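Peer 1:
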Amino acid sequence: MTTNIIASPAVSEKLQENLARIEVLSTRLAQAMAQKKPIRPSLQGPAPDMWAKAAGAYFGEAMANPEKVWAAQVDYWSKAFQNALEAQESLLAGGEVEAADDTPNDPRFKNPLWQTNPYFRALKKQYFTAADAIEKGLDELEGVDPADRRRLEYFTRQIVDMMAPTNFLASNPDALEKAIETEGQSLIDGLENMIRDLEKNHGELIVTLSDPDAFKVGENLGTAKGSVVYRNRMFELIQYAPTTKEVYARPLIIFPPWINKFYILDLKPENSLIRWIVDQGYTLFVVSWVNPDAHYDDVTMETYVSEGYLTAIREVKEITGQKKVNVVGYCIAGTTLALTLALMKKRGDKSVNSATFFTALTDFSDAGEVGVFLGDDFVDGIEEETKETGVMSSLYMSRTFSYLRANDLIYRPAIQSYMLGNPPPAFDLLYWNGDSTNLPGKMAVQYLRGLCQRDEFAGAGKTFQLFDQKLRVEDVKVPLCAVACETDHIAAWKSSYRGIRAMGSKDKTFILSESGHIAGIVNPPSKNKYGHYMNADWPENPDDWQANAAFIPGTWWFDWDSWLAPRSGEKVPARQPGDATHPTICAAPGTYVIAKPKWS
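Using this note's numbering, the letters of the sequence shown map in sequence onto residues 60 to 659.
1. If you compare alpha carbons, which of 310, 368, 421 is closest to residue 385?
2. Just reading off the beta strand (DSSP E) that residue 417 is part of, what are its end residues?
3. Which first and last residues belong to the alpha helix (DSSP H) in which residue 461 is found?
4. Beta-carbon within less than 7 Å of residue 115's beta-carbon, same chain only, minus the 5 sequence neighbours each way: which residues are those?
5. So, are the CB atoms of residue 254 and residue 91 less than 8 Å apart?
6. Where residue 647 and residue 542 are concerned, what is the direct C-alpha to C-alpha distance, given to the nearest angstrom?
7. Got a sec, what are the start and stop residues for the alpha helix (DSSP H) residue 446 sits in?
8. Return the chain-ordered ranges of every alpha helix (DSSP H) run that is complete within the segment 461-492 and spans a minimum of 4 residues.
9. Do residue 341 and residue 574 count as a contact pair if the criterion is CB distance below 8 Å?
10. Please confirm whether residue 274 and residue 490 have their CB atoms less than 8 Å apart.
11. Where does the unbroken beta strand (DSSP E) through residue 239 begin, and where does it stop?
12. What residue does the beta strand (DSSP E) around residue 385 start on, and which one ends it?
13. Exposed or buried, what is residue 78 when buried is set at 16 or more other beta-carbons lying within 10 Å of its beta-carbon?
14. Residue 583 and residue 317 look like a contact to me (Cβ under 8 Å); what is the Cβ gap, rounded to whole Å?
15. Apart from the five residues on each side of it in sequence, which residues of its chain come closer than 8 Å, Cβ to Cβ, to residue 514?
16. Please state whether DSSP places residue 274 in a helix, a strand or coil.
17. How is residue 319 classed by DSSP in three states: helix, strand or coil?
18. Mark residue 105 as exposed unless 16 or more other C-beta atoms lie within 10 angstroms of its C-beta, in which case mark it buried.
19. Taking only runs of the alpha helix (DSSP H) that begin and end inside the segment 174-207, which ones reach a length of at least 4 residues, in chain order?
20. What is the rounded straight-line gap between the Cα of residue 601 and the Cα of residue 595?
21. Quick check on the burial criterion: 16 or more other C-beta atoms within 10 angstroms. Buried or exposed for residue 261?
22. Take the Cβ of residue 552 as the centre, count every other Cβ of all protein chains shown within 10 Å, and call the residue buried at 16 or more, exposed below.
23. If you draw a straight line from the alpha carbon of residue 181 to that of residue 142, how long is it in whole angstroms?
24. Given that a residue counts as buried once 16 or more other Cβ atoms are within 10 Å of its Cβ, and exposed if not, what is residue 227?
25. When the Cα of residue 564 is compared with those of 418, 531, 545, which residue comes out closest?
26. Relative to the alpha-carbon of residue 117, which residue among 134, 152, 203, 213 has its alpha-carbon at the smallest distance?
27. In this structure, how does DSSP classify residue 650 when only helix, strand and coil are distinguished?
28. Which first and last residues belong to the beta strand (DSSP E) in which residue 343 is found?
29. By how many angstroms is the C-alpha of residue 319 removed from the C-alpha of residue 494?
30. Just verifying my parser: in three-state terms, what is the DSSP assignment at residue 542?
31. Hey, how far is the Cα of residue 60 from the Cα of residue 487?
32. Could you work out which residue in 293, 233, 546 is closest to residue 172 when comparing CA atoms only?
33. Can you tell me whether residue 483 is buried or exposed? The criterion is at least 16 other CB atoms within 10 Å of its CB, across all chains shown.
34. Return the CA-CA distance between residue 612 and residue 578, expressed in angstroms with no decimal places.
35. In this structure, how does DSSP classify residue 505 when only helix, strand and coil are distinguished?
36. Please report how far the alpha carbon of residue 285 lies from the alpha carbon of residue 413, in whole angstroms.
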């Protein structure tokens, strides 16, 4: 049957067409790859000394305990031989096997051929045999500093994940089956997808996660009604239109992170936290940060505080006629909000009535998974890069966070796009994930050195210098509510807890949401998906806090509303965006959220 298909005139014509397309695509591929700019080695991976330390520890152990190393080698080779022997017996028996499978239940290996075909079965078993041997070797390695061990384990896991047989065409049954079914069309489509990504990213291979034509901010994303009522070089201030006849007197300002765009809080009506807040009767303002370019090479943390936070608070007070506001800080914006509140306390500024922190770190004694990228090797590279360009490119941030979930955000999408030739899905969250921003270079280095590396804000006996003030986490005194996420790989919840616990506020509430950095926050009531934990006590150990916390099904949004409402004043007639001195500039979501950086 296969011979008849190949001999078919229609197929031969199609093959000829595809061969001609390959010629054209090969030229485009070469042109796209020629655009790639060299990236300094310090931004590509950990410094060689990390691997040198590991090698030194291994050889030291081999000298001290040769029998231990020998036993591990014998165990590995015996399993590898058994895998090869089983594959050979299966082939001699006719090819199909139905033997017990002791490999992990891994979604990468869903195709039945991984179980029934001797070739694929042997590949899978050998992969897991090698991975297991590597992991055991790392676990038993002695004489390695805990911080180095964490980095070594992480980057070794990256290599193990990268080398999975599913990531290569010759050993991916899904890709091979589709290539046969489509007479090679899937491979041509995959090559076109790869070239498109190379051309889009100037020679850098970054897989497109979501259909770029399926969404447009302001049309089917970020569509909540509102207006830009203030703008400076750092941000646009959006005031959202009321949906209730009355609103709480005290306004609420959300400071989203400037690593990504604010519309994660307003992806679509059914999961929009922005819409939900407005529907509860709050006058809501949201800061939309600029996406900086080389012209922002003078911007520091002080700039974000003075031209961002303090300016936004001042303008909202003027627009609403209120002496105090409530504020929210998400991720890095929560960290900087804490610094701002500490500064305001030092200055005697009482403009903030209460603060809410979403997945925010202030204690960096344990930075969690992202801490593997905070060594001097990476930060030195970032500092060198920003001195030349003025900014920390969005490429490095998005790539870093993607590698924290490499199988989900790199390899699986690459397989779908490049091997199977599928178009990227129309997925709003993934579209937003790819809409990252640059960071001003000086600010990025200041943040990475002073907070992430030296833990100056919360570390014992340390202070973080901002303007003329030396700030400590205990200087945060306003009533506060913090929301952390249980499986957050960016802002580890236990570190968030420790930072909030150290703050000087007497009125503190901590909520732990199920799920991760985004899904735990964007958790609408209609989904009834993730629950949360609450505990009024503050034990030193975060595990003790969770062990004694009450689990509450469903979103934390209602508990937060119950906390925020009493701190928001009486009800007043609903306010329309702007006032006489703040005429509306343009409709939400504004211009900064869609503008592309200008490069000179």
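Yeah, the Cβ is synthetic: ideal placement off N, Cα and C, and Gly gets one too. Fair warning: this is a prediction, and the values are worked out from it, not measured in the lab.
Peer 2: Put simply:
1. Residue numbering aside, residue 385 sits at position 326 when the sequence shown is read from its first letter. For the residues 310, 368, 421, the minimum Cα distance to residue 385 belongs to 310.
2. Counting from one through the sequence shown, the residue named residue 417 turns up at place 358. For residue 417, the enclosing beta strand (DSSP E) starts and ends at 411-417.
3. What you label residue 461 is simply residue 402 of the sequence shown in a count that begins at 1. Unbroken alpha helix (DSSP H) run through residue 461: 453-462.
4. As a first step, residue 115 must be located in the sequence shown, where it is residue number 56. Within the same chain, no residue comes within 7 Å of residue 115 by CB-CB distance, once the 5 residues on both sides are set aside.
5. Position 195 of the sequence shown holds residue 254. Position 32 of the sequence shown holds residue 91. Closer than 8 Å, so yes.
6. Residue mapping note: residue 647 aligns to position 588 of the sequence shown, counting from 1. Residue mapping note: residue 542 aligns to position 483 of the sequence shown, counting from 1. Cα to Cα, the separation comes out at about 27 Å.
7. Numbered from its first residue, the sequence shown carries residue 446 at position 387. Counted as a single uninterrupted DSSP element, the alpha helix (DSSP H) harbouring residue 446 occupies residues 435-448.
8. Fully enclosed alpha helix (DSSP H) runs of 4 or longer: 487-492.
9. Here residue 574 corresponds to residue number 515 of the sequence shown, with the count starting at 1. Here residue 341 corresponds to residue number 282 of the sequence shown, with the count starting at 1. No, they are not a contact pair.
10. One-based indexing of the sequence shown puts residue 274 at position 215. One-based indexing of the sequence shown puts residue 490 at position 431. Contact flag set, yes.
11. Residue mapping note: residue 239 aligns to position 180 of the sequence shown, counting from 1. Per DSSP, residue 239 belongs to no beta strand (DSSP E); it is in the alpha helix (DSSP H), 232-240.
12. On the sequence shown, position 326 is the one that residue 385 refers to. 384-389 is the extent of the beta strand (DSSP E) around residue 385.
13. Taking the sequence shown and counting its residues from 1, one reaches residue 78 at position 19. Label assigned to residue 78: exposed.
14. Locating residue 583 in the sequence shown gives position 524, counting from the first residue. Locating residue 317 in the sequence shown gives position 258, counting from the first residue. Actually they are not in contact, since the Cβ atoms of residue 583 and residue 317 sit about 24 Å apart, beyond 8 Å.
15. As a position in the sequence shown, residue 514 is number 455, starting the count at 1. Result list for residue 514: 422, 423, 424, 521, in chain order.
16. By 1-based counting over the sequence shown, the position of residue 274 is 215. The three-state secondary structure of residue 274, taken from DSSP, is coil.
17. Sequence index remark: in the sequence shown, residue 319 carries index 260 (1-based). In this structure, residue 319 counts as strand in the three-state DSSP scheme.
18. The count along the sequence shown starts at 1 and reaches residue 105 at position 46. Here residue 105 is buried: its Cβ has 16 or more other Cβ atoms, across all protein chains shown, within 10 Å.
19. Complete alpha helix (DSSP H) runs here, min 4: 177-198.
20. The residue you call residue 601 lines up with position 542 of the sequence shown. The residue you call residue 595 lines up with position 536 of the sequence shown. Going from the Cα of residue 601 to the Cα of residue 595 covers about 13 Å.
21. Along the sequence shown, one-based indexing puts residue 261 at 202. It counts as exposed.
22. The residue given as residue 552 occupies position 493 in the sequence shown. Only buried fits residue 552, as 16 or more other CB atoms lie within 10 angstroms of its CB.
23. What you label residue 181 is simply residue 122 of the sequence shown in a count that begins at 1. What you label residue 142 is simply residue 83 of the sequence shown in a count that begins at 1. The straight-line gap separating the alpha-carbon atoms of residue 181 and residue 142 is approximately 6 Å.
24. Against the sequence shown, residue 227 aligns to sequence position 168. So residue 227 counts as exposed.
25. Stepping through the sequence shown from its first residue, residue 564 is reached at position 505. Per the Cα distances, 531.
26. Within the sequence shown, numbered from 1, the residue matching residue 117 stands at position 58. The shortest C-alpha to C-alpha distance from residue 117 to any of 134, 152, 203, 213 is the one to 203.
27. Here residue 650 is taken as the residue at index 591 of the sequence shown, counted from 1. It is coil, neither helix nor strand.
28. Counting from 1 along the sequence shown, the entry for residue 343 is found at position 284. Residue 343 -> beta strand (DSSP E) spans 343-348.
29. Looking up residue 494 in the sequence shown gives position 435. Looking up residue 319 in the sequence shown gives position 260. Per the coordinates, the alpha-carbon of residue 494 lies some 6 Å from the alpha-carbon of residue 319.
30. Residue 542 sits at position 483 when you count from the first residue of the sequence shown. It is a strand residue.
31. For the purposes of this step, residue 60 is taken as the residue at position 1 of the sequence shown. For the purposes of this step, residue 487 is taken as the residue at position 428 of the sequence shown. Only weak support is given to the placement of residue 60: the predicted model assigns it a pLDDT of 36, under 50, and the value that follows is read from those uncertain coordinates. Taken atom to atom, the span from the alpha-carbon of residue 60 to that of residue 487 is near 43 Å.
32. Walking along the sequence shown from the start, residue 172 turns up at place 113. Taking only the C-alpha atoms, the option nearest residue 172 is 233.
33. As a position in the sequence shown, residue 483 is number 424, starting the count at 1. Label assigned to residue 483: buried.
34. Here residue 612 refers to the residue found at position 553 when the sequence shown is read from its first residue. Here residue 578 refers to the residue found at position 519 when the sequence shown is read from its first residue. Each residue's alpha carbon lies about 15 Å from the other.
35. Position 446 of the sequence shown, counting from 1, holds the residue named residue 505. In this structure, residue 505 counts as helix in the three-state DSSP scheme.
36. Within the sequence shown, the letter at position 226 stands for residue 285. Within the sequence shown, the letter at position 354 stands for residue 413. Pairing residue 285 with residue 413, the inter-Cα distance amounts to about 24 Å.
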